[in-house]
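Protein chains in written order, with numbering that gives the first Met the number 0: chain A, 0 to 444; chain B, 0 to 151.
Reviewing the structure listed below.
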Amino acid sequence: MTIAVIGAGLAGAAATLALAEAGADVVQIAGPAGATALSAGAFDVAAVSPGVPWLAARDALRGGALSVLDRLALLLREAPAHPYARLFGNDATAAASATRAGVERLSRWLAPHGAALSGGFAGSALLACTPGTLRAVDFATPGPAGGDLAACDEIGVLEAPGLAGYDARFTARGLTAELAALGFAAKRVRVVQIAWPEGVLHEQPARVAARLDAPRAGDALAHALRSASGAGRVLLCPPVLGIARTQALVAQLCDAAGGAVAELLSFPPHALAGYRFERALRTAVAASGARVIAGRVRTLRGGRAGDAHTLEIEALGGPAQTLGARAVVLATGRFTGGGVSADAGAVREPLLGLALHDADGRRIDGIPPHRSVRKGYASWQPLYSAGVRVDSALRPLAPGGELAAERVFCAGELLGGFDPARERTGMGVALLTGLAAAARAAEAA
Amino acid sequence: MRRGGYRGFLREFTRTGSWRAVSLQLRTGALHILRSLIARGGGDPVAQFLAHYGADGVRAPHVGARALALDASRCLACGLCSLECARVGGAPPLDPREAVIAASRLETDLLREGLADALASAEACGGCDACARICPESIPIHRVQERLATLR
């Protein structure tokens with residue numbers, strides 16, 4: 000029986016890939032890009048516990064990094080509304096082993112497309128961002144993966160004159176201050192100058208990245224990096240190391256420089272690593288044998304008693320389609336992906352009109368979004384934890400606590416009870432709930 | 000002073016404290032309400048307003064600019080269209096963002112900052128629509144570019 004997966008971000012892709020691997024008849028309805036494509040291309044399973052901001056970064060720097068298991072245990076204890084708690088209760092060991100298995104599966108699917116994740120379960124890597132800030136992450140895509148500052152004392156930031164929106168001196172100053180503030184005075188940061196190959200820079204970053212996809216430009220950059228060589232050092236580059244063949248280019252540059260070379264983590268409007276990650280997911284889904292329909296689901300009906308669901312799909316560049324599906328994985332995201340909408344003056348879930356709750360358990364659908372926002376830049380914002388409440392099988396719950404749909408399984412940011420930006424568990428939730436929803440949907444179909 | 004339109008006028012006022020700017024604000028604000036109460040007769044109120052203050056640099060937004068600006072104002076400035084355009088090999092001076100950003104400013108800023116760059120970018124576009132397909136807000140970027148070009 001057909002299973003429909005709505006969504007092409009990490010949660011939707013993980014569900015589709017898992018179902019295709021299991022031999023299910025799966026159709027993915029892939030809309031435009033969402034939050035996955037705007038991510039930093041780095042992956043947190045449970046980086047920060049709600050009450051203890053920046054805990055992981057400080058901990059990683061002190062050299063006594065908490066393992067993923069320790070942090071999951073902390074999170075499960077402190078955040079009972081979190082989707083991890085829905086899936087694993089209080090069992091941190093089960094959560095950790097599901098995480099390990101999930102990341103290994105995802106890496107296996109992405110490896111043929113040059114986007115395998117690196118990282119570990121013992122502790123976080125400490126990566127640098129373009130504004131000169133630090134971030135502890137568990138897993139990273141090939142571009143930024145090699146830039147773990149905890150592992151080395153000599154840090155070089157590559158200068159790129161003429162590259163819009165990038166200033167190596169600014170980044171280096173920020174990193175020096177951040178490292179010193181966290182008690183790492185021994186680490187030295189300096190700006191590294193090279194002779195960039197001609198005709199590569201002096202453009203917006205997207206164009207520079209596209210140029211570096213050409214093998215000849217990559218060879219020229221590798222040649223220029225020989226002058227900047229230094230074993231045991233990490234050389235941080237602006238996030239422009241190719242779009243389609245980053246993994247190969249980074250390996251080539253590491254060889255040439257005789258040390259680690261990595262991209263700085265980047266943000267929109269230039270979140271190159273996240274964009275590459277999302278593209279790799281789409282490529283992997285296309286290669287998996289799953290059917291993909293590019294478009295948006297307009298209505299999702301049926302599914303009562305034993306009936307199948309009927310999806311009306313507005314296909315991109317084609318006629319409208321109707322699809323019957325025995326079970327549905329709903330991975331439509333939140334505000335960026337369109338799974339939760341704040342248009343027309345009220346917060347709502349547009350597809351099924353599901354009830355939305357914040358992490359404190361207050362119902363916030365049907366009221367204006369500004370009512371769920373508090374003053375203060377660093378304040379806890381209920382709106383950012385808005386999402387669907389689910390039972391332990393990830394099926395959506397109505398306000399009274401009864402099932403809102405029997406064979407719809409929610410995954411990813413659509414789930415409420417957590418704030419992905421604050422807790423830094425967005426990608427981990429997307430992966431684990433995507434896989435879990437796929438398993439439940441396969442049983443129900 | 001008049002070249003910059005009303006916004007340019009106000010901007011100049013904040014820099015120089017020009018009394019002409021103060022007087023224009025008074026005349027188009029409170030005094031205009033009095034004037035329209037006293038004046039009788041029909042006619043298009045917008046046309047009347049412009050007839051009175053056109054000489055001071057007050058202009059109406061371009062017809063068609065509003066629809067364009069509404070489409071473009073959904074832009075999150077996420078930059079995915081630029082990345083997608085670079086990947087599929089769009090022509091060198093092309094950045095789909097420029098047209099969207101310029102279009103979203105047409106209504107609010109009569110100075111039309113960046114319009115020349117945006118038009119050059121729109122001209123280089125081959126219309127493959129890859130940018131619109133990846134746009135999280137589904138902005139019809141190519142249509143925004145085309146309509147922007149008609150405002151030249």
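Glycine included, C-beta positions come from ideal geometry on N, C-alpha and C.
This one's a predicted model, so the numbers in the text were calculated from it and none came from an experiment.
Secondary structure at residue 15 of chain A: helix, using DSSP grouped into helix, strand and coil. Going by DSSP, residue 279 of chain A is part of the alpha helix (DSSP H) stretching over 271 to 286.
Residue pairing for residue 34 of chain B: DSSP places it in no beta bridge. The distance from the Cβ of residue 386 of chain A to that of residue 328 of chain A is about 15 Å, inconsistent with a contact at the 8 Å cut-off. Here the C-alpha atom of residue 75 of chain B lies approximately 12 Å from the C-alpha atom of residue 34 of chain A. Note that the C-beta distance between residue 145 of chain A and residue 260 of chain A is below 8 Å. In terms of beta-carbon proximity, residue 267 of chain A lines the interface with chain B, with at least one pair separated by less than 8 Å. At a cut-off of 8 Å between beta-carbon atoms, residue 142 of chain B makes no contact with chain A. Contact annotation, residue 436 of chain A with residue 408 of chain A: C-beta distance approximately 4 Å; criterion of less than 8 Å satisfied. If you draw a straight line from the Cα of residue 201 of chain A to the Cα of residue 241 of chain A, it is about 16 Å long. Distances from the alpha-carbon of residue 72 of chain B to those of B:149, B:29, B:101, B:24 put B:101 closest. Sorting A:326, A:325, A:311 by C-alpha distance to the C-alpha of residue 319 of chain A places A:311 at the top. Taking the beta carbon of residue 335 of chain A as reference, the chain B residues within 7 Å of it are 135, listed in sequence order. In terms of beta-carbon proximity, residue 118 of chain B stays away from the interface with chain A, with every pair separated by 8 Å or more. Taking C-beta separations shorter than 7 Å and ignoring five residues to either side along the sequence, the partners of residue 331 of chain A in its chain run 5, 6, 337, 338, 350, 413, following chain order.
Under the Cβ criterion of 8 Å, residue 83 of chain A is not counted among the residues facing chain B. Against chain A, a Cβ distance below 9 Å from residue 125 of chain B picks out nothing, because the smallest value is about 15 Å. A distance below 7 Å between beta-carbons, with the five flanking residues on each side excluded, links residue 116 of chain B to the following residues of its chain, in chain order: 97. In this structure, DSSP gives residue 147 of chain B a helical state, which the three-state scheme calls helix. Within the segment 188 to 220 of chain A, 203, 205, 206, 208, 209 place their CB atoms closer than 7 Å to a CB of chain B, listed in sequence order. According to DSSP, residue pairing for residue 409 of chain A in a beta bridge involves A:329. With respect to residue 432 of chain A, residue 86 of chain A sits close: the two C-beta atoms are nearer than 8 Å.
In the DSSP assignment, residue 260 of chain A falls within the beta strand (DSSP E) that extends over 259 to 262. Taking the C-beta atoms as reference points, residue 427 of chain A is found nearer than 8 Å to residue 98 of chain A.
By the rule that beta-carbons nearer than 8 Å mark a contact, residue 77 of chain B touches chain A.
For residue 312 of chain A, the uninterrupted beta strand (DSSP E) segment begins and ends at 308 to 314. Excluding the 5 residues flanking it on each side, residue 273 of chain A has same chain C-beta neighbours closer than 7 Å at 35, 36, 37, 38, 39, 40, in chain order.
Residue 133 of chain A carries a strand assignment under DSSP once its states are collapsed to helix, strand and coil. For residue 242 of chain A, the neighbours in chain B by C-beta distance under 9 Å run, in chain order, 82, 85, 86. In terms of beta-carbon proximity, residue 338 of chain A stays away from the interface with chain B, with every pair separated by 8 Å or more.
Interface flag for residue 36 of chain A against chain B is set, since a Cβ pair is found closer than 8 Å.
Shown in chain order are the members of the segment 89 to 100 of chain B whose Cβ falls below 8 Å from a Cβ of chain A: 91, 94, 96.
When Cβ-Cβ separations below 8 Å define contact, residue 33 of chain A makes contact with chain B.
Residue 42 of chain A sits in a strand when the DSSP states are folded into three classes. In the three-state reduction of the DSSP assignment, residue 103 of chain A falls in the helix class. Membership of residue 380 of chain A in any beta strand (DSSP E) is not indicated, and neither H nor E is assigned to it by DSSP.
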